[in-house]
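According to numbering that gives the first Met the number 0, the sequence shown is numbered sequentially starting from 0.
Here is the structure we will look at, set down as structure tokens.
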Amino acid sequence: MEKEKAKNLHIEQWVQGDKKNIEELKGNPILIEFFQLNCPGCFLYGIPEAIKFYKLYSSKGLKVIGVSTAFEDFDKNNLENLKLLINENKVIGAPKLILKEKGLVEEDGVLPFKIPFPVGMDEITEINGFKIGKTFYEYGLQGTPSAVLIDKEGFIAHKVFGYHPNLEDMIKELL
């Protein structure tokens, strides 16, 4: 089976961090965490896991990138709300309600954690009459949260949708 080369990201705007792309990070394993701003699972599982792996493995060479994407609810999944998340640490919509219900955020929706890695807004494009995040589409993802692991040579090693109990083992394999 032929390995798939990882594509560069189509970022409308970097909101936080080092504005590097896949080609520039070659030589390091890379974890790309794709999320939507209105996705409760992204804030319960995907982003906290990516933060955990960043803290555990960035000193060993792992590069972590967050890509805020959209394939629905464009009134919520947009650059303005991404800036609110990064600059004020606030969530909106369904994640705010669900995290509040679980006692993880207060009324104002401020998260108990801060995203420490680079985060950019996926460029929204139209394909076959549908609006969608261009990077999300090019990586052939099914939903959010999704994680893509890229090996040191720049090839896709794994694509994971939702929570995956073996993601840490997959990362260790690439280090």
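Quick reminder that beta carbons are idealized off the backbone N, C-alpha and C, glycines included.
Span of the beta strand (DSSP E), counted from its first residue to its last, around residue i
{"i": "Thr124", "result": "123–126"}
{"i": "Glu1", "result": "Note, Glu1: premise wrong, no beta strand (DSSP E); not H, not E."}
{"i": "Glu11", "result": "10–15"}
{"i": "Ile131", "result": "129–132"}
Residue closest to residue i, alpha-carbon to alpha-carbon, out of the options
{"i": "Asp17", "options": "Asn76, Pro28, Tyr138, Lys62", "result": "Lys62"}
{"i": "Gly139", "options": "Pro117, Phe33, Glu11, Asn37", "result": "Phe33"}
{"i": "Asp121", "options": "Ala93, Leu8, Leu30", "result": "Leu8"}
{"i": "Gly153", "options": "Thr124, Gly132, Glu22", "result": "Glu22"}
{"i": "Asn77", "options": "Ile170, Tyr136, Ile131, Lys151", "result": "Ile131"}
{"i": "Asp72", "options": "Lys54, Pro28, Thr143", "result": "Thr143"}
{"i": "Phe70", "options": "Ile123, Val14, Ile149, Asn80", "result": "Ile123"}
{"i": "Phe135", "options": "Gly65, Asn88, Asn86", "result": "Gly65"}
{"i": "Lys6", "options": "Glu79, Ser67, Ile29", "result": "Ile29"}
{"i": "Glu79", "options": "Pro115, Glu11, Asn20, Pro111", "result": "Glu11"}
{"i": "Leu84", "options": "Phe112, Ser58, Asp150", "result": "Phe112"}
{"i": "Tyr44", "options": "Ser145, Ser57, Pro115", "result": "Ser145"}
{"i": "Leu81", "options": "Pro164, Gln15, Ile31, Ser57", "result": "Gln15"}
{"i": "Gln35", "options": "Asp74, Ile126, Glu137, Glu172", "result": "Asp74"}
{"i": "Leu24", "options": "Asn88, Ile97, Pro117", "result": "Pro117"}
{"i": "Gly119", "options": "Lys2, Trp13, Lys4", "result": "Trp13"}
Cross-strand partners of residue i (DSSP beta bridge)
{"i": "Glu100", "result": "Its beta-bridge partners do not exist; DSSP assigns none."}
{"i": "Ile29", "result": "Lys62, Ile149"}
{"i": "Phe154", "result": "Lys4"}
{"i": "Val159", "result": "Ala146"}
Delimiting residues of the alpha helix (DSSP H) encompassing residue i
{"i": "Ala49", "result": "46–56"}
{"i": "Leu83", "result": "78–87"}
{"i": "Asp168", "result": "166–173"}
{"i": "Leu24", "result": "21–24"}
- request: Examine the Cβ distances between the segment 45–65 and the segment 95–106 and report whether three or more of them are shorter than 8 Å.
  value: No: the two stretches stay apart, fewer than three of their Cβ pairs being nearer than 8 Å.
task: Spell out a yes or no on whether the segment 153–162 and the segment 107–123 are touching, meaning 3 or more CB-CB pairs, one atom from each, closer than 8 Å.
output: Three or more beta-carbon pairs separated by less than 8 Å are not found between the segment 153–162 and the segment 107–123, which leaves the two stretches without contact.
- request: State whether the segment 35–45 contacts the segment 79–97, with contact taken as three or more CB pairs (one from each stretch) at a distance under 8 Å.
  value: The answer is yes - the segment 79–97 touches the segment 35–45, with three or more Cβ pairs under 8 Å.
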